[in-house]
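Residue numbers (the numbering used here): 7 to 454. Glycine included, every Cβ here is placed at the ideal spot set by N, Cα and C.
Following this line, the structure appears as structure tokens:
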């Protein structure tokens, strides 16, 4: 059964609130542009289905389900919305593969199947939108809980591998590597039983990984996503389902749902406010729960061992202290890495199925597009010329109507990105020849 491991004291509550605030602070402002088409994919955890809540053993649905409903509600209430939301129940729910909650081969295949379904639905919706908006931009946003983190990672890999392919004509609408994830909230990624590389692809940016600090069950080791560009890893107070949100009286779950909502709002996603029933109230009691005494009805075949009974644990939550035992992490993912080839530096990335993709290194191109000029040049000094030419182009097109300028800059940026990706870095223009550029470029040089 589920028990209360402890109730947070005043100092612990303050720590939890500070961590929640850090989640919001980490969001990249306006990472999602208002005019972009956004496909929001919500991947739920094992035995979590918002249409069959009793299956989970908890009294309410998860934070992933709530975020999906918030995004979908906002889209349905706005006829001009560019957002499409889709929800994917977790392993072991109605419609999933038999034994997908515990048998490794089925666990892995279920993750792949769901990610593939999400990609197909994204491709269908994005293609239809681009038919009506031929010069439009497309992006995605994701959220997941538990094993849903494997599905989210594979989904990002499929985007990176395939780009956007029209499902009807099979025409490549957006080249591989050019469709990204612009915002994400990953609740305690646990991929027990899933084989393959569960790294998020290089096209992922502005993604928050929440790790349940107080989860000590041996079968619930979290995936290690530390030190990956585009990802922020944040330890937060609570056990696995505290973070995922499913307990009826769960101040911590509500706290992280509120933080996730603000994270997405700050990132530019059109998302409704948290439902009143799931909001943090002024007299909220914050409890850390423990499920290690739960008896497992189904055998688990992880690591070739059939187990039943209570969960094995590595430690326990400590009451009235800010320093908690360290939670064990699971497999270390294989991140992308730069490699030297005869054609110059390229980016090597291993997919979930073991296949390797070798592509141009897009990190510099992304810095050119997404970062402030001074930050991009500080990180990659060779971008000085490209950034300076972009500033010149912006100045020279300032007189244009907004849509005309946007189309002109999109064409200019595409040409510049192709050069950067090919290892070509143009020299900066002569600032004396362009007085309108001089002061801006000098300011960039001073701060870089």
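In terms of residue numbering, what span does the alpha helix (DSSP H) encompassing residue 269 cover? 257 to 273
Please name the residue in 334, 30, 168 whose C-alpha comes closest to that of residue 198. 334
Pairwise C-alpha distance: residue 20 and residue 389: 42 Å
What is the DSSP secondary structure of residue 198, reduced to helix, strand or coil? coil
Pick from 196, 178, 28 that is closest to residue 51, judged by C-alpha positions: 196
DSSP-derived helix/strand/coil call for residue 70: helix
Where residue 119 falls: helix, strand or coil (DSSP): helix
Assuming residue 162 contacts residue 187 under a Cβ cut-off of 8 Å, what Cβ separation, rounded to an integer in Å, is found between them? 5 Å
Tell me whether residue 176 is buried or exposed, calling it buried when 16 or more other Cβ atoms sit within 10 Å of its Cβ. exposed
Does residue 356 come out as helix, strand or coil in the three-state DSSP assignment? strand
Is the beta carbon of residue 245 closer than 9 Å to that of residue 166? no
Tell me whether residue 99 sits in a helix, a strand or coil according to DSSP, three-state version. coil
What residue does the beta strand (DSSP E) around residue 248 start on, and which one ends it? Residue 248 -> not in any beta strand (DSSP E); alpha helix (DSSP H) instead, spanning 246 to 250.
How would you label residue 280, buried or exposed, when you count the other beta carbons within 10 angstroms and need 16 or more for buried? buried
Supposed contact pair residue 26 and residue 261 - C-beta distance, whole angstroms, cut 8 Å: 5 Å
Using the rule of at least 16 other Cβ atoms within 10 Å of the residue's Cβ for burial, across every protein chain shown, is residue 164 buried or exposed? buried
Sheet register partners of residue 346 (DSSP bridge): 351
Could you tell me if residue 183 is buried or exposed, where buried requires 16 or more neighbouring beta carbons within 10 angstroms of its beta carbon? buried
Considering only C-alpha positions, which residue in the set 18, 42, 117 is nearest to residue 359? 117
Whole angstroms is fine: what's the gap from residue 10's alpha carbon to residue 29's? 25 Å
Got a sec? Which residues, its chain only, sit under 6 Å from residue 232 by beta carbon, not counting five neighbours each side? 239
Residue 318 beta carbon less than 9 Å from that of residue 224: yes
Classify residue 309: buried if its beta carbon has 16 or more other beta carbons within 10 angstroms, exposed otherwise. In this prediction, residue 309 has a pLDDT of 40, which is less than 50 and means its spatial position is unreliable; what the coordinates show is noted afterwards. Residue 309 comes out exposed.
Just tell me which of 88, 92, 58 has its CA closest to the CA of residue 73. 92
So who's on the other strand from residue 295, going by DSSP bridges? 10
Report all residues from its chain with a CB closer than 6 Å to the CB of residue 331; omit the five preceding and five following residues, and keep chain order. 321
Which residue marks the beginning of the alpha helix (DSSP H) containing residue 167, and which one marks its end? 154 to 168
6 Å Cβ shell around residue 434 - same chain, five flanking residues per side excluded: 390, 391, 394
Curious, which full-length alpha helix (DSSP H) runs of at least 4 residues does the stretch 381 to 441 contain? 390 to 402, 408 to 427
Alpha carbon of residue 13 to alpha carbon of residue 63, nearest angstrom: 22 Å
Could you check whether the stretch 259 to 277 touches the stretch 30 to 47, counting it as contact only if at least three pairs of C-beta atoms, one from each stretch, sit closer than 8 Å? yes
For chain B, check one thing: does any of its Cβ atoms lie closer than 9 Å to the Cβ of residue 100? Structure shown: chain B not included; a single protein chain is present.
Kindly indicate which three-state DSSP category residue 77 falls into: helix, strand or coil? helix
With distances taken between CB atoms, is the gap from residue 237 to residue 204 smaller than 9 Å? no
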